[in-house]
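**Student:**
There are 2 protein chains.
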Amino acid sequence: MKLSANEEYGLRCLVRLGYAGENGSITIPEMSQAEGVSAANTAKILRALRKGGFVKAARGKEGGYTLARPAGDIVIAEVMECLGGRLFESSFCDSHGGRTGICTRSVDCSVRSLWRAVQVAVDHVLSKTTLRDLLQNEEEMNSWVRTIPGPNGMRLLQ
Amino acid sequence: MKLSANEEYGLRCLVRLGYAGENGSITIPEMSQAEGVSAANTAKILRALRKGGFVKAARGKEGGYTLARPAGDIVIAEVMECLGGRLFESSFCDSHGGRTGICTRSVDCSVRSLWRAVQVAVDHVLSKTTLRDLLQNEEEMNSWVRTIPGPNGMRLLQ
DNA sequence: AGTAATCTTGACTAGAAAGTACAGATTAGG
DNA sequence: CCTAATCTGTACTTTCTAGTCAAGATTACT
Numbered sequence: 021m022k023l024s025a026n027e028e029y030g031l032r033c034l035v036r037l038g039y040a041g042e043n044g045s046i047t048i049p050e051m052s053q054a055e056g057v058s059a060a061n062t063a064k065i066l067r068a069l070r071k072g073g074f075v076k077a078a079r080g081k082e083g084g085y086t087l088a089r090p091a092g093d094i095v096i097a098e099v100m101e102c103l104g105g106r107l108f109e110s111s112f113c114d115s116h117g118g119r120t121g122i123c124t125r126s127v128d129c130s131v132r133s134l135w136r137a138v139q140v141a142v143d144h145v146l147s148k149t150t151l152r153d154l155l156q157n158e159e160e161m162n163s164w165v166r167t168i169p170g171p172n173g174m175r176l177l178q
Numbered sequence: 021m022k023l024s025a026n027e028e029y030g031l032r033c034l035v036r037l038g039y040a041g042e043n044g045s046i047t048i049p050e051m052s053q054a055e056g057v058s059a060a061n062t063a064k065i066l067r068a069l070r071k072g073g074f075v076k077a078a079r080g081k082e083g084g085y086t087l088a089r090p091a092g093d094i095v096i097a098e099v100m101e102c103l104g105g106r107l108f109e110s111s112f113c114d115s116h117g118g119r120t121g122i123c124t125r126s127v128d129c130s131v132r133s134l135w136r137a138v139q140v141a142v143d144h145v146l147s148k149t150t151l152r153d154l155l156q157n158e159e160e161m162n163s164w165v166r167t168i169p170g171p172n173g174m175r176l177l178q
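Here the protein sequences come in this chain order: A and B.
Quick note: the first sequence uses my numbering, first residue 21, plus one each step.
Quick note: the second sequence uses my numbering, first residue 21, plus one each step.
1) Let me see if you follow: with CB-CB separation under 8 Å, is residue 24 of chain B close to chain A or not?
2) In chain B, which residues lie less than 7 Å from residue 133 of chain A when you measure between Cβ atoms?
3) Should residue 85 of chain A and residue 66 of chain A be called a contact, given that it needs their Cβ atoms to be closer than 8 Å?
4) Short of 6 Å in beta carbon distance, which residues of its chain neighbour residue 52 of chain A, apart from the five on each side in sequence? Order them along the chain.
5) Would you kindly report the start and end of the unbroken beta strand (DSSP E) that includes residue 76 of chain B?
6) Residues in the same chain with beta-carbon distance under 7 Å from residue 95 of chain B, minus the five sequence neighbours each way, listed in chain order, please.
7) Establish whether the CB of residue 130 of chain A and some CB of chain B are separated by less than 8 Å.
8) Give the DSSP bridge partners of residue 84 of chain B, in chain order.
9) Could you give the first and the last residue of the continuous alpha helix (DSSP H) run that contains residue 21 of chain B?
10) Which residue or residues does DSSP assign as beta-bridge partners of residue 150 of chain A?
11) Do we get a CB-CB distance below 8 Å when we pair residue 77 of chain A with the residues of chain B?
12) Strictly below 9 Å CB to CB, what residues from chain A border residue 51 of chain B?
13) Is residue 40 of chain A close to chain B, meaning its C-beta is less than 8 Å from at least one C-beta of that chain?
14) Would you tell me roughly how many angstroms separate the C-alpha atoms of residue 114 of chain A and residue 132 of chain A, rounded to the nearest one?
15) Please classify residue 136 of chain B: is it buried, with 16 or more other beta-carbons within 10 angstroms of its beta-carbon, or exposed?
16) List, in order along the chain, the chain A residues whose C-beta lies closer than 7 Å to that of residue 92 of chain B?
17) Should the stretch 30-45 of chain B be called in touch with the stretch 36-49 of chain A, which here means at least 3 C-beta pairs below 8 Å?
18) Rounding to the nearest angstrom, what Cα-Cα distance links residue 171 of chain A and residue 152 of chain B in this structure?
19) Are any of the Cβ atoms in chain A nearer than 8 Å to that of residue 66 of chain B?
20) Check whether the Cβ atoms of residue 134 of chain B and residue 154 of chain A lie closer than 8 Å to each other.
21) For the alpha helix (DSSP H) that residue 49 of chain B lies in, which residues bound it at each end?
22) Going by the CB atoms, is the gap between residue 138 of chain B and residue 142 of chain A shorter than 8 Å?
23) Give a yes or no on whether the C-beta atoms belonging to residue 100 of chain B and residue 158 of chain B are separated by under 8 Å.
24) Return the first residue and the last residue of the alpha helix (DSSP H) that residue 59 of chain A is part of.
25) Hey, does residue 150 of chain A have any beta-carbon neighbour from chain B nearer than 8 Å?
26) Is residue 136 of chain B close to chain A? Criterion is C-beta to C-beta, closer than 8 Å.
27) Run through DSSP, which three-state label would residue 37 of chain A get?
28) Let me know the secondary structure DSSP gives residue 157 of chain B once reduced to three states.
29) Using only the alpha-carbon positions, how far apart do residue 91 of chain B and residue 42 of chain B sit?
30) Keeping to the same chain, check which residues put their C-beta closer than 8 Å to that of residue 49 of chain B; ignore five residues upstream and five downstream.
31) Between residue 95 of chain A and chain B, is any beta-carbon pair separated by less than 8 Å?
32) Could you list which residues in chain A have their beta carbon closer than 8 Å to that of residue 27 of chain B, in chain order?
33) Could you tell me the alpha carbon to alpha carbon distance between residue 130 of chain A and residue 81 of chain B, rounded to whole angstroms?
In structure tokens:
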């Protein structure tokens, strides 16, 4: 159970776009440099986010990416599903469920219900979090960081 | 964020061993056939579980695998870590934290704290669940299933 | 000792995910 | 209409995980 690179990068890109504001547009080279990810890869991820309907792209000169909706309407659970699929895609149980789809191998089911519990726990966090929440968290951190300068130019969080 | 095949198979194997009881031994061919997974792959997964200290192996004729501890002492969170690693292994933030290990790129941190929240939610489920819990769940399901025979030989759960 | 059943190990192959490259399409502005 | 900046789509390469295979080591039973 690991976070995929797509999920990590993709969400970072969204946060940065949200941070740029409603009309703030960011190009692939800009995003690439800011995140330290290659332009080709950044392009690929932003493309996925566009297909998911989270961002919109403007082509040509003066083009770039913008959030497709207000940050408060972008639910992180949906973003994660777009970038990395569902946690539990039961390839195993389904093959034993027959036409009813109900798994008859009992030993499978107890495992399956555990996965379901995990999925519920994860969804409980992610489906209640919007991009706006992340941006606000960001603001808090920034103001906090600003008040506590650390040694040799670093900012300490504790 | 997906469950790996290792996690899925490995946990199934553990449940089946637990189901076989404290002294119940299962060989690789038996497990292989019961789970519908190739013997070579089953062997590999059981090996991982042995290295993790969850099962013990007896070699030679009459050999096989047995639980290394009572089912109630086997915490699923540990099993999952053994089979699939931690959810959030921060490759990204750490590279921006310098010697203190604290990430100074604010845009990273809000994402990071989200991952942490997800990890906590998952751990809350998995670290409170032992193999014994899964086996009991199993028992309940079996007795339930037995009471409701479905059409053409299937057992319906609802 | 011999034999058959069993786990162990390391190397190999296949497949999926991540990352790269490049030619093509679109747009703003001169 | 031309150019430069920008996204788009497809195909390629690399890297990591999953799965396979064969030779070796161990044990119980005779």
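Idealized CB from N, CA, C, for every residue including glycine.
**Tutor:** Result, derived from the coordinates:
1) yes
2) 157
3) yes
4) 59, 62
5) 75-78
6) 147, 150
7) yes
8) B/78
9) From DSSP, residue 21 of chain B is part of no alpha helix (DSSP H); its letter is neither H nor E.
10) A/95
11) no
12) Those do not exist, as residue 51 of chain B stays about 11 Å from chain A at its closest Cβ, beyond 9 Å.
13) no
14) Because the pLDDT of residue 114 of chain A is 48, which lies under 50, any placement of that residue in the model is unreliable, and the number read from its coordinates should be weighed accordingly. The alpha-carbon atoms of residue 114 of chain A and residue 132 of chain A are separated by roughly 10 Å.
15) exposed
16) Here the premise fails: no neighbours, minimum Cβ distance about 15 Å.
17) no
18) Annotation note: pLDDT 39 at residue 171 of chain A (below 50); position unreliable, no value reported.
19) no
20) yes
21) 48-55
22) yes
23) no
24) 59-71
25) no
26) no
27) helix
28) helix
29) 8 Å
30) 59
31) no
32) 21
33) 32 Å
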